[in-house]
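Engineer: Count the sequence shown with our numbering and you get residues 1248 to 1422, in order.
Ideal placement from N, C-alpha and C gives every residue a C-beta, glycine not left out.
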Amino acid sequence: ELGDGWGALQSVPVLAALAEIEGDYADAVARQTEGARLAEELGLAAEASNCLGGLGRLALLAGDWERARLLHERALRTAAEHGHLYGEVFALMGLALGARRSGDLDDAERRLRAMLDDYPSSTAGKHLIEVELGFVAELRGLPARAAAHQARGLAHARRLDEPRAVALSLEGTAG
């Protein structure tokens, strides 16, 4: 309300996440779009990358694989150009998720392995990478490889002690 662009930008992640949690994807998209505009206007590349990645995530949730890919690629470029490692990893995961969901298993696996090999990762990150590699292996008809990835994912999930992570791993194991 004060016209402070930086201040308005600080509210974007929280308000967009709240809208997403409530299922109001239109509001979440509007907030992330405004956040990307403000960040670019202010020359804040990390924040712009985060908002673009958030828009890509929302496109994934809507099943719009092409839009998700374009937004995540833009987020990745922006993050990489400005040394924003978190933004790179977030965008790469979005690209991997979209590739798997759209059936491009080679691209999904390539991106997941790059994250595993080339980027530092938390236990939560390793969990999601292993689960996704398990889903890719399952879709390729490789049950032993899928089971091995899912078992590693489940081990990470148990270390996290986060119920949603454990549930995702159990879903993968059941596959």
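Touch check for the segment 1368-1375 and the segment 1401-1408: three-plus C-beta pairs under 8 angstroms?
Structural biologist: yes
Engineer: Apart from the five residues just before and just after H1319, which ones in its own chain have a Cβ nearer than 6 angstroms to its Cβ?
Structural biologist: G1303, A1338, G1341 and L1342
Engineer: On the three-state DSSP scale, how would you describe H1403?
Structural biologist: helix
Engineer: Measure the alpha-carbon distance for E1267 versus G1345 and round it to whole angstroms.
Structural biologist: 18 angstroms
Engineer: Just to confirm before moving on: does the CB-CB distance between P1367 and L1417 stay below 9 angstroms?
Structural biologist: Cβ distance not < 9 angstroms, so P1367 and L1417 don't count as in contact.
Engineer: I need the straight-line Cα distance from A1255 to G1388, nearest angstrom please.
Structural biologist: 48 angstroms
Engineer: Since R1348 and W1312 should fall inside the 8 angstroms C-beta cutoff, what is the C-beta to C-beta distance between them, to a whole number of angstroms?
Structural biologist: Confirmed, about 6 angstroms.
Engineer: Below 9 angstroms between beta carbons: does that hold for G1381 and G1350?
Structural biologist: No, the Cβ-Cβ distance between G1381 and G1350 is not below 9 angstroms.
Engineer: From L1308 to D1271, what does the alpha carbon distance come to, in whole angstroms?
Structural biologist: 12 angstroms
Engineer: Looking only at its chain, what residues have a beta carbon closer than 7 angstroms to the beta carbon of A1327, apart from the 5 residues adjacent to it on each side?
Structural biologist: E1335
Engineer: Can the beta-carbon of G1282 be found closer than 9 angstroms to that of G1301?
Structural biologist: Yes, Cβ-Cβ distance for G1282 and G1301 is below 9 angstroms.
Engineer: Looking only at its chain, what residues have a beta carbon closer than 6 angstroms to the beta carbon of R1314, apart from the 5 residues adjacent to it on each side?
Structural biologist: Within the same chain, Cβ atoms closer than 6 angstroms to the Cβ of R1314 are found at A1306, the five residues on either side in sequence being excluded.
Engineer: Between E1379 and L1249, what straight-line distance do the alpha-carbon atoms span, to the nearest angstrom?
Structural biologist: 44 angstroms
Engineer: Looking at the unbroken alpha helix (DSSP H) that takes in E1288, where does it start and where does it end?
Structural biologist: Y1272 to L1289
Engineer: Considering only C-alpha positions, which residue in the set A1395, V1383 and P1260 is nearest to A1275?
Structural biologist: P1260
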